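Chains A and U, in that order, give the protein sequences.
Just so you know, we're using the working numbering here: the first sequence kicks off at 8 and counts up by one.
Just so you know, we're using the working numbering here: the second sequence kicks off at 3 and counts up by one.
Ideal placement from N, C-alpha and C gives every residue a C-beta, glycine not left out.
Bear in mind that the values here come from a model prediction, so they are computed numbers and not experimental data.
Single-structure report; data block below.
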Amino acid sequence: MNKLIVFVKKLTGTRLFLPLFCLVLVLLSNLIKTPTFFQVTIKNGVLYGYIIDVINRASDLVILSVGMTMVVAASGGTDISVGAVMSVAGAVCCYILAGGLQTVNEFQNPYILGVLAAVFAGMLCGCFNGFLVAKMKIQPMVATLILFTAGRGMAQLITRGQITYIRVESYKMLGASIPGIPVPTPVFVALLVVILTYVLLKKTTLGLYIQTVGINSRASRLMGIKSSRIIFLSYVFCGLCAGVSGLVASSRIYSADANNIGLNLELDAILAVALGGNSLGGGKFSLLGSVIGAYTIQALSTTLYAMGVSPDQIPVYKAIVVVIIVALQSTELKKMAKRYQTGREVGKKVA
Amino acid sequence: MKNRGKTDGKIFLLMITIALFVTMYIAGIIIFNSKGFAKPQVFLNLFISNAGLIVIAAGMTMVMITGGIDISVGSVVALTCMMLAWMMEVKGIGAVPALLTVLVIGIFFGLVQGFFIAYLKIQPFIVTLAGMFFARGMTAIISQEMISVKNELFLKWAKSKINLTFLGGTVNKKGVVNYPFLYPSVIIALVVLVLVFVALKYTKFGRTIYAVGGNEQSALMMGLNVKRTKLLVYVINGFLCALGGFLFCLNTCAGFVEQAKGFEMEAIASAVIGGTLLSGGVGNVFGSLFGVLIKGTIETFITFQGTLSSWWTKITIAALLAFFILLQSLFAKAKEK
């Protein structure tokens, strides 16, 4: 009971309050147009409804934003290649499972091999980014820009410019649901990633190290922490998350569509991190905040879809939200507001 | 004397780029000689198909010299083309007012981005990333279908050839003499390039840009207006993006959502390959021109080769960008020692 009170207090603390408030606001705003928004039904043994859809669809983003949080916290930069890495992972997995064919009705190679290869491909991309950022000291966004553009090209090469289909029931399970369990599988995958990461950060010193490096990498190096290694690891971890997310996304459509897997998700992931109350400048971070942020974004997307906005047009609204959040975080704006206020007060006194 | 060593380093990067271009072109002439790679028109086509990119790379170079970056350029080009096509074809506005409107929109776009970057001190990458998605989304809001331009005046701009008679013509089967030609868009692009070069090298504003990029703190202490300089650079960049988009549209004569995807990468790669440092303070627009030409040569290779897919261009550019970034990083490390 005591723990619960502490937990509730923690939730109402300033850090997570804003993200949660946004989430609730977005969800409730749906009630105006779609009164059945919170209705949950069971169809074919699977839970169905808008709210389930939000939780289900957000899973890819939750996994991505966990990785993104690490990168942002450790290096003060963002990894914009995650969407492209997702498509590479999906392409690698499908290529191996299909054994180079375009459409298959049964696995040509063991399932586990495809999964491992996809995750490995994601980590390899992460290694490349991490090497450029940590060792070569290149701005994170420029370094990841390379894979951002080349990644989809690589995925296209792997799938030979076509869409590889895996028409196997067991392949669809990861992205849909396992028979007998009413909750969609991606939800469990996301939950697993979040819990594992949380335990890893809390039970080892890694979480503390990441924050230290993010706040001042020079000082932490002088203190004996290998800053560059921590930054490198954070990118590898982000690549891993992108790989897992790519697997889920590819399983959803049981194919590797190099052009569309993870499209525009990099912005969503950054947005999720920022919305979760994390500073994009690095340092202190909140994993839970990012997760809530990710659900908020998906809720926003689903809301916009429900209102009939086409997928191509959604980035406009998200971009506006990003700019507003980042502007609110900006210390310069606070200074300006303060100056304006004092200016007015002085003006009053003079009058 | 110390200064001289620094200049040598800069020139060295530029020399590598020019040498790379010349080597690639000579290699192309040797490999694809039977397919007519050595014709002057092939060289001129490099300029024709990349006129827009030359202008945008010039703007990007300016932004990068201040230590910033703009990844919204590709989307702004798409928005520009779409706006032009939509205004002329759907709304029936003349080509000249449409062009002016687009240029104003470009300036406004730069103004907003510049304000966020210079005055609110938000990382340029975040602001322009948002700008990138905003512009692409706006393109989709205007029209999700492709709009082809049929405006007569616009097509006249796009198709009027400038024959370069001094390069000598070839007579085809019907007995008509064909001279190597350029389109007006190339002339505009080269004029812009020279203007930006002069502005950077010989004006107070240009020198301020270098000072801001070299060391913002020192520039501020020297009494230079850092914020206003940055804002102006982004405004000029916005204008050049719209102009580049117009030149791009002269080539494609259409507007569609997926247009100019990955353009930002090409512009950044051109600037970096041309010797502009990502850390700011160093850069030259003529270097960027060679960056663009190298990218064009790679594309020409792929066209001449015939069997490679267009994805190879992006992958090669990315590899080249990675190579030059590493080179820069090694230079920076060597300088520290």
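Cα-Cα, which of the options is closest to residue i?
i      : options                        : result
L169/U : Q43/U, F303/U, K335/U          : Q43/U
F199/U : A100/U, L122/U, S290/U, G282/U : S290/U
L328/U : K210/A, E273/A, L104/A, A150/A : A150/A
A313/A : L38/A, P26/A, Y347/A, K10/A    : L38/A
I268/A : I185/A, L27/A, C100/A, G121/A  : C100/A
L25/A  : I332/A, Q348/A, R351/A         : I332/A
R259/A : G246/A, L164/A, L294/A, E176/A : E176/A
A324/U : Q109/A, Q146/A, L23/A          : Q146/A
M180/A : A256/A, L215/A, V353/A         : A256/A
A141/A : F239/A, V201/A, Y118/A, L123/A : F239/A
G221/A : L139/A, I12/A, S286/A, Y102/A  : S286/A
L30/A  : T309/A, T349/A, V316/A         : T309/A
E344/U : L157/U, I164/U, V284/U, N239/U : Chain U is shown only over 3 to 339; residue 344/U falls outside these bounds and no answer can be derived.
F241/U : V104/U, M26/U, I56/U, T315/U   : V104/U
V237/U : S331/U, S51/U, V75/U, S36/U    : V75/U
L122/U : K356/A, V330/A, P193/A, V353/A : V330/A
V196/A : G253/A, L164/A, G246/A         : G253/A
F326/U : V193/U, Q307/U, E147/U, G277/U : G277/U
L294/A : V200/A, Q46/A, T41/A           : V200/A
G250/A : C132/A, P42/A, I49/A, G84/A    : C132/A
L16/U  : G298/U, V188/U, T25/U, F292/U  : F292/U
S311/U : S88/A, I165/A, I185/A, E352/A  : I165/A
G298/U : V284/U, E268/U, S281/U         : E268/U
N63/A  : I87/A, C134/A, G107/A, S184/A  : S184/A
Under 8 Å Cβ-Cβ, which residues of chain U neighbour residue i?
i      : result
N271/A : F135
M143/A : I327, L328, S331
L287/A : Q125, I128
G168/A : S311, W313
Determine the chain A residues that contact residue i at a beta-carbon separation under 7 Å, and present them in chain order.
i      : result
I143/U : Q320, V323
F127/U : M148
A132/U : A326, V329, V330
Q146/U : S317, D319
Y346/U : Residue 346/U lies beyond the range of chain U shown here (3 to 339); nothing can be said about it.
M140/U : V323
M267/U : L152, T156
L280/U : I145, Q146, V149
Does any residue of chain C have a CB that is nearer than 9 Å to the CB of residue i?
i      : result
A157/A : As a matter of chain content, chain C is missing from the structure shown, whose protein chains are A and U.
Given that residue i touches chain A, what residues does it touch there, using C-beta distances under 9 Å?
i      : result
F118/U : V330, V333, A334, S337
M89/U  : By Cβ distance, chain A contributes nothing, its closest Cβ being about 19 Å from M89/U, past 9 Å.
V259/U : D319
I270/U : V149, L152
Just reading off the beta strand (DSSP E) that residue i is part of, what are its end residues?
i      : result
V53/A  : 53-55
I173/A : 171-173
K50/A  : 48-50
Which residues in chain U sit within 7 Å of residue i, going by Cβ to Cβ distance?
i      : result
I153/A : A320, L323, A324
G160/A : W313, K316, I317
L359/A : Examination of residue 359/A is not possible in this model, given that chain A is present from 8 through 358 alone.
L5/A   : This structure gives no information on residue 5/A, because the portion of chain A shown stretches from 8 to 358.
Considering just the uninterrupted stretch of the alpha helix (DSSP H) at residue i, what are its terminal residues?
i      : result
I299/A : 294-313
K41/U  : Per DSSP, K41/U belongs to no alpha helix (DSSP H) and is neither H nor E.
Y121/U : First-last for Y121/U: undefined, no H or E at that position.
F45/A  : Taken as a continuous stretch (DSSP letters only), F45/A belongs to no alpha helix (DSSP H), as it is neither H nor E.
V330/A : 321-336
S252/A : 234-259
R228/A : 224-229
P193/A : 192-210
E176/A : 176-179
Y118/A : 118-137
E266/U : 265-275
Could you work out which residues of chain A lie near residue i, taking near to mean beta carbons separated by less than 8 Å?
i      : result
G264/U : T156
Name, please, each residue of chain U whose Cβ falls closer than 9 Å to the Cβ of residue i.
i      : result
I103/A : Those within 9 Å of I103/A in chain U number zero; the least Cβ separation is about 20 Å.
V87/A  : Checking the displayed sequence, the identity of residue 87/A turns out to be Ile instead of Val. Near I87/A (Cβ distances below 9 Å), the residues of chain U are I73, F127, L131.
Subject >> Three-pair Cβ contact test at 8 Å for the stretch 271-280 of chain A versus the stretch 297-310 of chain A >> reply: yes
**OP:** Would you check if the stretch 54-63 of chain U and the stretch 262-282 of chain U touch, i.e. whether three or more CB-CB distances between them fall below 8 Å?
**Re:** yes
Original post:
Are the stretch 150-163 of chain A and the stretch 314-325 of chain U touching, with three or more C-beta to C-beta distances below 8 Å?
Top reply: yes
Original post:
Taking only runs of the alpha helix (DSSP H) that begin and end inside the stretch 62-130 of chain U, which ones reach a length of at least 4 residues, in chain order?
Top reply: 75-87, 97-116
Original post:
Is there contact between the stretch 201-219 of chain U and the stretch 16-35 of chain U, where contact requires at least three CB pairs shorter than 8 Å?
Top reply: no
Original post:
For the stretch 140-158 of chain U against the stretch 77-84 of chain U, are there 3 or more C-beta pairs whose distance is under 8 Å?
Top reply: yes
**OP:** Answer yes if the stretch 112-123 of chain A comes into contact with the stretch 279-295 of chain U, meaning at least three C-beta pairs across the two stretches below 8 Å, and no otherwise.
**Re:** no
Original post:
Which residue spans inside the stretch 208-262 of chain U form an unbroken beta strand (DSSP E) run of at least 3?
Top reply: none
Original post:
Does the pairing of the stretch 95-113 of chain A with the stretch 161-175 of chain A give three or more beta-carbon distances under 8 Å?
Top reply: yes
**OP:** Would you check if the stretch 344-354 of chain A and the stretch 68-79 of chain A touch, i.e. whether three or more CB-CB distances between them fall below 8 Å?
**Re:** no
Original post:
Is the stretch 24-39 of chain U touching the stretch 296-308 of chain U in the sense that three or more CB pairs, one from each, lie closer than 8 Å?
Top reply: yes
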